[in-house]
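Residue numbers for the sequence shown, in my numbering: 2 to 537.
For glycine and all other residues, C-beta sits at the position ideal for the given N, C-alpha and C.
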Amino acid sequence: MTAAQNLVNAPEFTVSELSSALKRTVEDRFGHVRVRGEISGFRGPHSSGHCYFALKDDSAKIEAVIWKFAHARMRFKPQEGLEVIATGKLTTYPNSSKYQIVIESLEPAGVGALMALMEERKKKLAAEGLFDEARKQLLPWLPEVIGVVTSPTGAVIRDILHRLEDRFPRRVLVWPVKVQGEGSAEQVAAAIRGFNALPDGGRIPRPDLLIVARGGGSLEDLWSFNEETVVRAAADSHIPLISAVGHETDITLIDFAADRRAPTPTAAAEMAVPVRSELFVEVAALSRRTMVCWQRSQEARRNELRAAARALPAASELLAIPRQRLDHLGAALPRGLKANTHAHFRRFATSSARLTLGVLHGQVTHARQRLTVSSERISLSARSLLRSRRERFAGLGIRLKASRLANAKAQRSAIARDLERTHRLAERARRALVTAMQRLEARVVHSGQLLSALSYRGVLARGFALVRDERGHAVHSAAAIGPGVNLSIEFADGRIAATTDADRSWAIASESKAPREAKPAAPKRTTKPVDQGTLF
């Protein structure tokens with residue numbers, strides 16, 4: 002008989018059943034796998050947020066998909082042509098009869114791929130101008146407060162604090178972050194932005210200088226400081242920033258965006274502050290030089306004063322001509338006073354001749370008329386201003402009354418709406434409380450039933466018994482009981498005490514310890530039925 006004749010009576014599968022069986026086989030057989038390959042056909046996330054592409058090598062290709070929530074958590078985003086190591090689960094896509102890998106995590110394949118990704122990211126950020134020297138700020142000569150972004154448990158922060166204490170003690174604010182692993186880049190960027198967001202004069206002082214520090218490590222360990230979010234946060238910092246990541250040979254992208262790069266965290270502390278003892282010596286030297294310069298200046302001025310004093314003529318010679326002029330003017334002073342008095346007297350007589358009583362009366366009358374006209378104009382202006390102010394105040398009173406009524410009406414409507422909303426929320430809260438209590442009661446009942454079902458007392462109720470020794474421990478075999486041992490046997494309805502029989506217990510123990518010869522099992526002949534069978 003042919004194979005087709007043998008399968009005449011075999012059950013039939015639908016296409017969906019066959020596809021589901023294949024899907025279960027692939028998922029159960031392989032589970033989670035790690036695949037190394039080159040990304041091909043990646044065009045960015047789909048409108049739904051999922052990513053679809055393929056992983057290929059020299060001779061094969063496999064379809065790949067990254068769901069939206071997994072793509073959001075990834076540190077390394079997929080890029081066209083990048084060689085990666087993908088970790089995920091194999092599955093099938095029944096609609097197109099193909100298998101694919103659902104990727105859960107993604108990482109570059111080796112240091113070479115990381116260097117290529119770093120160079121590409123460096124070119125991109127440099128093209129945006131984040132590494133320009135014109136953006137970099139000058140470090141403060143002596144900062145009052147220094148902010149440090151690093152791990153609080155590492156040796157880096159201790160080295161920085163010790164170096165600052167030796168050179169010039171300053172106040173240090175530490176923002177604890179992870180410096181390696183998942184989420185470390187986001188924490189470092191958030192710390193830089195957090196220091197910049199502190200207000201001047203607040204409860205927490207705003208730092209004058211920032212230090213982003215980490216100890217040495219491999220390229221993978223330092224990769225968090227190559228992330229775009231960290232580089233952009235360092236470039237956007239308004240506070241001068243020193244990058245002290247790794248050792249002198251380690252280069253990260255934050256070094257290019259920072260205002261100053263330090264080869265080590267200790268060197269960053271040396272860049273931050275000067276040496277206080279050297280400053281004391283320099284100030285003392287400057288003070289001595291200042292005193293010497295002042296003394297020399299005073300001595301030079303004394304010499305100049307002595308030279309000028311020797312070149313000046315005597316006081317009698319300088320005052321001779323002024324004394325002679327004073328004597329001449331003193332002799333002419335009485336004649337000048339008399340002439341001046343006569344001139345003023347003639348001017349006063351001329352003015353008094355022009356002043357008569359009629360002229361004074363005319364001027365007073367004219368002034369009174371002007372005063373009367375001005376008072377009448379002032380009275381008219383005051384009455385007009387008073388009338389206009391009364392009309393304006395009356396209009397404002399009407400508008401104020403209408404506005405008050407409208408505001409009261411609006412407040413009543415708002416209170417009514419809030420009261421209605423409060424009643425609705427109270428009713429919803431009551432129904433939610435009732436529902437929650439019902440669910441909790443159901444869970445308690447279910448837990449009680451489950452506890453009863455799992456209790457050993459149910460087994461005792463079916464006719465079994467629980468045997469315990471003198472210490473209350475359960476006895477699992479007859480070989481563990483010696484002769485003359487007191488036992489406690491628990492039944493469903495109570496306990497009884499018993500003592501083992503010496504002969505019987507020893508016989509049971511001997512019988513249990515005697516080796517049994519295993520009889521060879523006769524081989525069973527199985528006849529495979531002629532049907533379709535299973536696919537697996």
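{"Check": "Looking only at DSSP bridge pairs, what is Ile240 linked to?", "Outcome": "None; Ile240 has no bridge partner."}
{"Check": "Mind checking whether the beta-carbon of Ile243 lies closer than 7 Å to any heavy atom of the ligand NAP?", "Outcome": "No copy of the ligand NAP appears in this structure; indeed no ligand is present at all."}
{"Check": "Let me know if Trp176 comes out buried or exposed under the rule of 16 or more other beta-carbons within 10 Å of its beta-carbon.", "Outcome": "buried"}
{"Check": "Ile497 bridges to which residues according to DSSP?", "Outcome": "Ile490"}
{"Check": "From the DSSP output, which residues share a beta bridge with Gln109?", "Outcome": "Looking at the sequence provided, one finds Pro at residue 109 rather than Gln. Paired residue(s): Val85."}
{"Check": "Which residues in the same chain have their Cβ closer than 6 Å to the Cβ of His72, if we skip the five residues on either side of it in sequence?", "Outcome": "Cys52"}
{"Check": "What did DSSP end up calling Phe54 once you bin it into helix, strand or coil?", "Outcome": "strand"}
{"Check": "Determine the direct distance from the alpha carbon of Ala186 to that of Val146, and round the result to whole angstroms.", "Outcome": "24 Å"}
{"Check": "Along the alpha helix (DSSP H) that carries Trp176, what are the first and last residues, could you check?", "Outcome": "Looking at the DSSP string, Trp176 is not in any alpha helix (DSSP H); the run it does join, the beta strand (DSSP E), is Arg172 to Pro177."}
{"Check": "Starting from Tyr100, follow its DSSP beta bridges and name the residues at the other end.", "Outcome": "Thr93"}
{"Check": "With a 10 Å radius around its C-beta and 16 neighbouring C-beta atoms as the bar for buried, classify Ala1 as buried or exposed.", "Outcome": "Nothing about residue 1 can be reported from this structure: the residues present for the chain run from 2 to 537 only."}
{"Check": "Let me make sure I understand the geometry here. Which of Asn96, Val66, Glu84 and Arg76 has the alpha-carbon closest to that of Ile102?", "Outcome": "Val66"}
{"Check": "Check for me: the alpha helix (DSSP H) holding Ser1 runs from which residue to which?", "Outcome": "The structure shown does not extend to residue 1, since the chain is modelled only from 2 to 537, so the question has no answer here."}
{"Check": "Classify Thr151 as helix, strand or coil using the three-state DSSP reduction.", "Outcome": "strand"}
{"Check": "To the nearest angstrom, how far is the alpha carbon of Arg277 from that of Trp142?", "Outcome": "12 Å"}
{"Check": "Quick check on Ala245: buried or exposed, where buried means 16 or more other Cβ atoms within 10 Å of its Cβ?", "Outcome": "buried"}
{"Check": "Can we say the segment 190–199 touches the segment 229–244, given the rule of at least three CB pairs closer than 8 Å?", "Outcome": "yes"}
{"Check": "What residues in its chain sit with their C-beta under 6 Å from that of Val213, if we drop five residues either side in the sequence?", "Outcome": "Val150 and Ser244"}
{"Check": "If you pair each beta-carbon of the segment 18–32 with each one of the segment 87–103, do three or more pairs fall below 8 Å?", "Outcome": "yes"}
{"Check": "Would you call the CB atoms of Gly32 and Leu56 closer than 8 Å?", "Outcome": "no"}
{"Check": "Exposed or buried, Trp224, counting other C-beta atoms within 10 Å across all chains shown (16 or more means buried)?", "Outcome": "buried"}
{"Check": "Can you say whether Asp133 is buried or exposed, counting buried as having 16 or more other CB atoms within 10 angstroms of its CB?", "Outcome": "exposed"}
{"Check": "Which residues in the same chain as Phe226 place their Cβ atom closer than 6 Å to its Cβ, once the five residues preceding and following it in sequence are excluded?", "Outcome": "Val246, Thr253 and Ile255"}
{"Check": "By Cβ distance, which residues of its chain are closer than 7 Å to Val27, with the 5 residues on each side in sequence left out?", "Outcome": "Leu91, Thr92, Thr93 and Tyr100"}
{"Check": "Which value, in whole angstroms, describes the spacing of the CA atoms of Arg431 and Ser453?", "Outcome": "33 Å"}
{"Check": "DSSP on Val476, reduced to helix/strand/coil?", "Outcome": "coil"}
{"Check": "Would you call the segment 487–497 in contact with the segment 466–478, where contact means no fewer than 3 C-beta pairs closer than 8 Å?", "Outcome": "yes"}
{"Check": "Exposed or buried, Glu221, counting other C-beta atoms within 10 Å across all chains shown (16 or more means buried)?", "Outcome": "exposed"}
{"Check": "Please go through the same chain and pick out, in chain order, the residues whose beta-carbon is closer than 7 Å to the beta-carbon of Glu81, but skip the five residues on each side of it.", "Outcome": "Ile40 and Phe43"}
{"Check": "Considering only residues of the segment 266–327, which uninterrupted alpha helix (DSSP H) runs meet the minimum length of 4 residues and lie entirely inside it, listed in chain order?", "Outcome": "266–273 and 277–312"}
{"Check": "When the Cα atoms are used, what is the spatial distance from Pro241 to Ala259?", "Outcome": "8 Å"}
{"Check": "Can the beta-carbon of Val157 be found closer than 8 Å to that of Ala190?", "Outcome": "no"}
{"Check": "Specify, as a first and last residue, the run of the alpha helix (DSSP H) that Leu23 falls within.", "Outcome": "Val16 to Phe31"}
{"Check": "What ranges does the alpha helix (DSSP H) occupy inside the segment 177–222, keeping only unbroken runs of at least 4 residues that lie completely in it?", "Outcome": "185–198"}
{"Check": "Look at the alpha carbon of Val173 and the alpha carbon of Phe257, and state the distance between them as a whole number of angstroms.", "Outcome": "24 Å"}
{"Check": "Between Ile63, Val34, Asp29 and Lys69, which lies nearest to Ser48 when the distance is taken from Cα to Cα?", "Outcome": "Lys69"}
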